[in-house]
Amino acid sequence: MPDSIIPKEYSDGIQILPEDAVPGESVFPYLDLDDDIIELSITPNRADALSMRGVAYEVAAIYDKSVHFEEKFLAESDQKAADLIKVAIASDNVLTYKARVVENVTIKPSPQWLQNLLMNAGIRPINNVVDVTNYVLLYFGQPMHAFDLDKFEGKDILVRQAKTGETLVTLDGEERDLTEEDLVITVADKPVALAGVMGGATTEIDVSSKNVVLEAAVFDGKSIRKTSSRLNLRSESSSRFEKGVNYADVAKALDFAAAMLTELADGTVLAGQVSAGAVPTDDVRVSTSLDYVNVRLGTDLVFSDIENVFARLGFGLSGNDEKFTVSVPRRRWDISIQADLVEEIARIYGYDKLPTTLPEAAGTVGELTKSQKLRRKIRSLAEGSGLSEIISYALTTPEKAVAFTPNPSKVTELMWSMTVERSALRQNVVSGMLDTIAYNVARKSNNLALYEIGKVFEQTADPKKDLPKEIDTFAFALTGLVAEKDFQTAATPVDFFYAKGILEAILAKLGVTVQFVATKEMANMHPGRTALIERDGQVIGYLGQVHPQTAKQYDIPETYIAEVNLNALEAALKSDLVFEDITKFPAVSRDIALLLSEEVSHQDVLDAIAASGVKRLTKVKLFDVYAGEKLGAGKKSMAYSLTFQNPNDNLTDEEVARYMEKITKALTEKVGAEVR
1 MPDSIIPKEY
11 SDGIQILPED
21 AVPGESVFPY
31 LDLDDDIIEL
41 SITPNRADAL
51 SMRGVAYEVA
61 AIYDKSVHFE
71 EKFLAESDQK
81 AADLIKVAIA
91 SDNVLTYKAR
101 VVENVTIKPS
111 PQWLQNLLMN
121 AGIRPINNVV
131 DVTNYVLLYF
141 GQPMHAFDLD
151 KFEGKDILVR
161 QAKTGETLVT
171 LDGEERDLTE
181 EDLVITVADK
191 PVALAGVMGG
201 ATTEIDVSSK
211 NVVLEAAVFD
221 GKSIRKTSSR
231 LNLRSESSSR
241 FEKGVNYADV
251 AKALDFAAAM
261 LTELADGTVL
271 AGQVSAGAVP
281 TDDVRVSTSL
291 DYVNVRLGTD
301 LVFSDIENVF
311 ARLGFGLSGN
321 DEKFTVSVPR
331 RRWDISIQAD
341 LVEEIARIYG
351 YDKLPTTLPE
361 AAGTVGELTK
371 SQKLRRKIRS
381 LAEGSGLSEI
391 ISYALTTPEK
401 AVAFTPNPSK
411 VTELMWSMTV
421 ERSALRQNVV
431 SGMLDTIAYN
441 VARKSNNLAL
451 YEIGKVFEQT
461 ADPKKDLPKE
471 IDTFAFALTG
481 LVAEKDFQTA
491 ATPVDFFYAK
501 GILEAILAKL
511 GVTVQFVATK
521 EMANMHPGRT
531 ALIERDGQVI
541 GYLGQVHPQT
551 AKQYDIPETY
561 IAEVNLNALE
571 AALKSDLVFE
581 DITKFPAVSR
591 DIALLLSEEV
601 SHQDVLDAIA
611 ASGVKRLTKV
621 KLFDVYAGEK
631 LGAGKKSMAY
641 SLTFQNPNDN
651 LTDEEVARYM
661 EKITKALTEK
671 VGAEVR
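Here full-length UniProt numbering is used: position 629 in the sequence shown is 629, and no number is missing along the way.
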């Protein structure tokens with residue numbers, strides 16, 4: 001037994017056993033600690049079973065028995081409790097608050113049976129008054145608290161929200177800074193307890209206490225959970241308020257505790273409960289039908305079976321097999337809809353009695369969807385290019401969520417995030433990949449080639465009301481060396497063209513053509529080494545080097561990234577492949593060197609060549625770029641190899657010459673090129 005639940009006066013010293021105690025035998029029978037203890041695993045929806053009475057109802061239903069509870073006679077004096085205290089509520093987080101006054105109590109240790117019961121339940125005995133409140137907590141599931149009335153500075157008890165700047169020293173001796181979200185019990189407008197969580201030290205029951213105020217209340221579970229979580233102050237009381245309590249037993253539990261104090265503390269109970277607020281105590285009525293039950297359980301139950309189940313549960317029942325109504329006592333606040341009734345019927349009738357049937361369905365031929373096929377193919381191509389797959393968090397910071405995004409949308413943030421680092425849905429995959437690269441680089445793994453297929457989230461409506469649009473995305477990141485130095489090979493670092501080559505190879509295998517358009521608009525990307533990826537005039541991704549300043553923030557070396565919208569790629573896939581015969585006629589190549597303004601990009605040249613309308617042009621390849629003083633300021637030379645082919649005939653020199661003339665004219669008109 002842990003030292004934390006043994007009374008302080010018994011934690012040290014020698015225990016005197018009876019003279020007939022036999023050495024070598026178990027000591028527990030001599031200490032009256034040999035009770036049978038049943039450990040229950042309670043599911044979150046069955047908080048009613050967090051009490052002895054609740055478990056008794058459940059066991060009685062399972063074994064078809066009747067419950068029998070001890071009844072206590074409460075003798076009251078002629079003096080009214082309302083003459084000494086008044087109760088008021090000033091918060092919507094309090095449903096009801098009840099109090100009783102017990103005078104002339106004698107503070108002493110509880111009887112051994114009560115101490116043993118509490119210790120077996122994991123609660124340390126304190127004194128007879130406090131132990132009674134803890135016993136009622138276990139017996140009824142109703143949290144209670146006892147105040148020393150003589151320590152009150154007034155007679156007005158007010159339950160309200162705390163004020164900013166208020167503090168309270170709780171029973172554990174800790175001073176707590178309160179916020180407006182905390183619920184407090186006040187006397188003369190001074191906090192004396194943290195409602196539903198822990199009492200205050202100023203009104204604590206001690207050996208000198210004579211007059212006691214007993215409290216029983218119903219507080220809002222969400223409010224109690226916020227306070228206990230913020231203060232990291234979990235208690236048996238807060239746990240029960242969070243899960244719910246039996247409205248019908250609040251007054252009964254308070255009277256039961258007062259009656260126990262007359263027995264165990266020789267107290268005198270003043271007449272009447274002093275209360276504020278009210279909670280419904282009548283049964284909850286839920287209607288359903290026999291057909292509804294049988295369809296969902298796959299059974300052939302008759303109405304007499306239903307009557308038997310709810311009789312065992314202690315629920316009222318009226319109606320017939322067409323439609324019946326169940327009167328659910330308030331002690332079972334987990335039952336409110338038809339499905340709850342079906343669950344109770346299944347439990348008590350017996351899951352083992354439910355018929356086992358195989359599902360009836362016609363067999364179908366399995367097939368991957370178009371999206372699944374695309375994902376598999378991209379994985380194969382990416383891994384064939386030397387990339388390794390990772391999976392990063394879909395949650396990130398609001399700042400990282402919109403980084404590396406050509407057209408950022410509204411940020412969708414979580415209402416109750418566990419940490420700021422995971423508080424917003426990402427709009428890009430790259431931010432998480434860079435975190436992974438930083439993690440690996442910090443551990444001396446410098447040559448990395450990673451890819452990820454995941455979802456990003458675009459929000460064009462109200463993030464607090466509407467769900468974002470999910471977009472499938474493919475991204476990869478490269479850093480370090482493509483090839484390490486050895487005795488015959490120089491080290492080859494990753495560069496823009498290596499990253500572009502990987503992406504072009506993947507797109508070529510998919511049969512998707514795109515255009516690369518240089519951009520300087522993305523703040524987190526290098527302004528001279530970044531391109532938007534366009535298809536049919538629509539931006540579907542980007543490729544380039546992470547801006548050196550951004551790389552420095554992540555503490556990573558030069559890194560190249562790409563991100564592409566998979567939904568757009570899927571839409572661009574050709575549904576039917578058309579195979580062409582390999583032509584038996586040879587291709588003809590011509591080289592052309594162009595003098596251009598340094599502002600003209602490779603894509604501009606390709607667009608100009610395409611505008612010439614030469615149908616027999618099958619391939620354009622850039623094989624040389626030169627810029628120097630010989631060409632003049634602001635000029636550069638770009639040399640291309642052009643391939644022509646007629647699948648049905650040989651090309652003549654005259655035809656090729658006409659094609660070259662058309663291309664040259666288009667280059668001159670479109671980009672101001674001079675043929676060298």
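No residue lacks a Cβ here, since even glycine has one placed at the ideal position from N, Cα and C.
The model shown is predicted, which means the values in this text are computed figures rather than measured ones.
Legend entry - Counted within 10 angstroms of its Cβ, other Cβ atoms place Glu242 as buried (16 or more) or exposed: Position 242 of the sequence shown holds residue 242. Buried: at least 16 other Cβ atoms inside 10 Å.
Legend entry - Cβ-based neighbour list, Thr618, same chain, cut-off 6 Å, excluding 5 preceding and 5 following: Walking along the sequence shown from the start, residue 618 turns up at place 618. Answer for Thr618: Thr643, Gln645, listed in chain order.
Inset, instruction - Could you pull out every unbroken beta strand (DSSP E) segment of at least 3 residues lying fully inside the segment 451-522, listed in chain order? - result: 469-479, 481-483, 515-518
Legend entry - Reduced DSSP secondary structure (H/G/I, E/B, other) of Thr530: Position 530 of the sequence shown, counted from the first residue, corresponds to residue 530. Of the three classes helix, strand and coil, the one that applies to Thr530 here is strand, per DSSP.
Legend entry - CB of Ile205 within 8 Å of CB of Asn127, strictly: Against the sequence shown, residue 205 aligns to sequence position 205. Against the sequence shown, residue 127 aligns to sequence position 127. Their beta carbons are under 8 Å apart, which means Ile205 touches Asn127 by this criterion.
Legend entry - Gln79: first and last residue of the uninterrupted beta strand (DSSP E) it sits in: Mapped onto the sequence shown, residue 79 falls at position 79. Taken as a continuous stretch (DSSP letters only), the beta strand (DSSP E) holding Gln79 covers 76-80.
Legend entry - N-terminal and C-terminal residue of the alpha helix (DSSP H) that Asp649 is part of: Within the sequence shown, numbered from 1, the residue matching residue 649 stands at position 649. Taken as a continuous stretch (DSSP letters only), Asp649 belongs to no alpha helix (DSSP H), as it is neither H nor E.
Inset, instruction - Quick one: give me the first and last residue of the alpha helix (DSSP H) that Ser327 is part of. - result: Start at 1 with the first residue of the sequence shown, and residue 327 comes out as number 327. Here Ser327 belongs to no alpha helix (DSSP H); instead the beta strand (DSSP E) covers 324-328.
Legend entry - Where Asp28 sits in the DSSP three-state scheme: Mapped onto the sequence shown, residue 28 falls at position 28. Reading off the sequence shown, one finds Phe at residue 28, where the question assumed Asp. Three-state DSSP puts Phe28 in a helix.
Legend entry - Coil, strand or helix - Met638 by DSSP: As a position in the sequence shown, residue 638 is number 638, starting the count at 1. Strand, per DSSP.
Legend entry - The beta strand (DSSP E) enclosing His145, as first and last residue numbers: Here residue 145 corresponds to residue number 145 of the sequence shown, with the count starting at 1. Unbroken beta strand (DSSP E) run through His145: 144-148.
Inset, instruction - Would you identify the three-state DSSP class for Asn565, choosing helix, strand or coil? - result: Taking the sequence shown and counting its residues from 1, the one referred to as residue 565 is at position 565. Of the three classes helix, strand and coil, the one that applies to Asn565 here is strand, per DSSP.
Legend entry - Cross-strand partners of Gln161 (DSSP beta bridge): Within the sequence shown, residue 161 is the residue found at index 161, counting from 1. BP columns for Gln161 point to Leu183.
Inset, instruction - Tell me, please, whether the segment 583-594 touches the segment 546-560 by the rule of three or more beta-carbon pairs shorter than 8 Å. - result: no
Inset, instruction - Could you tell me which residues DSSP puts in a beta bridge with Asp156? - result: As a working note, residue 156 is residue 156 in the sequence shown. Paired residues: Lys86.
Legend entry - Unbroken alpha helix (DSSP H) run spanning Val441, endpoints: Here residue 441 refers to the residue found at position 441 when the sequence shown is read from its first residue. 430-441 is the span of the alpha helix (DSSP H), which, as asked, contains Val441.
Legend entry - Range of the contiguous alpha helix (DSSP H) that encloses Gly277: Residue numbering aside, residue 277 sits at position 277 when the sequence shown is read from its first letter. Counting along the chain, Gly277 falls outside any alpha helix (DSSP H), though it belongs to the beta strand (DSSP E) covering 274-277.
Inset, instruction - Whole angstroms is fine: what's the gap from Ser239's alpha carbon to Arg124's? - result: Translated into positions along the sequence shown, residue 239 becomes position 239. Translated into positions along the sequence shown, residue 124 becomes position 124. Rounded to whole angstroms, Ser239 to Arg124 spans 17 Å at the Cα level.
Inset, instruction - Sort Asn116, Val588, His526, Ser612 by Cα distance to Tyr30 and report the nearest one. - result: In the sequence shown, residue 30 corresponds to position 30, counting from 1. With distances taken between Cα atoms, Tyr30 lies closest to Asn116.
Inset, instruction - Please confirm whether Ala81 and Arg100 have their CB atoms less than 8 Å apart. - result: Sequence index remark: in the sequence shown, residue 81 carries index 81 (1-based). Sequence index remark: in the sequence shown, residue 100 carries index 100 (1-based). Yes.
Legend entry - Range of the contiguous beta strand (DSSP E) that encloses Gln538: Position 538 of the sequence shown holds residue 538. Note, Gln538: beta strand (DSSP E), 538-546.
Legend entry - Three-state class that DSSP yields for Phe219 in the structure shown: Here residue 219 refers to the residue found at position 219 when the sequence shown is read from its first residue. Reduced to three states, the DSSP call for Phe219 is strand.
Inset, instruction - Please name the residue or residues paired with Tyr168 in a DSSP beta bridge. - result: By 1-based counting over the sequence shown, the position of residue 168 is 168. Before going on, a small fix: residue 168 reads as Leu here, not Tyr. DSSP output for Leu168 lists Arg176 as bridge partner(s).
Legend entry - Own chain, CB closer than 8 Å to Val411, minus 5 neighbours either side, in chain order: One-based indexing of the sequence shown puts residue 411 at position 411. Only Pro398, Ala401, Val402, Ala424, Leu425, Gln427, Gln459, Pro463 meet the Cβ criterion.
Inset, instruction - Starting from Gly316, trace the alpha helix (DSSP H) both ways and give me its first and last residue. - result: For the purposes of this step, residue 316 is taken as the residue at position 316 of the sequence shown. First-last for Gly316: 316-319, but that is the beta strand (DSSP E), not the alpha helix (DSSP H).
Inset, instruction - Answer yes or no: do Gly511 and Lys574 have a C-beta to C-beta separation smaller than 8 Å? - result: The count along the sequence shown starts at 1 and reaches residue 511 at position 511. The count along the sequence shown starts at 1 and reaches residue 574 at position 574. Cβ atoms of Gly511 and Lys574: closer than 8 Å.
Legend entry - Cβ neighbour criterion (16 or more within 10 Å) applied to Leu261: Indexing the sequence shown from 1 puts residue 261 at position 261. Buried: at least 16 other Cβ atoms inside 10 Å.
Inset, instruction - Flag this pair as touching only if the segment 297-305 and the segment 274-289 have three or more C-beta atom pairs under 8 Å; answer yes or no. - result: no
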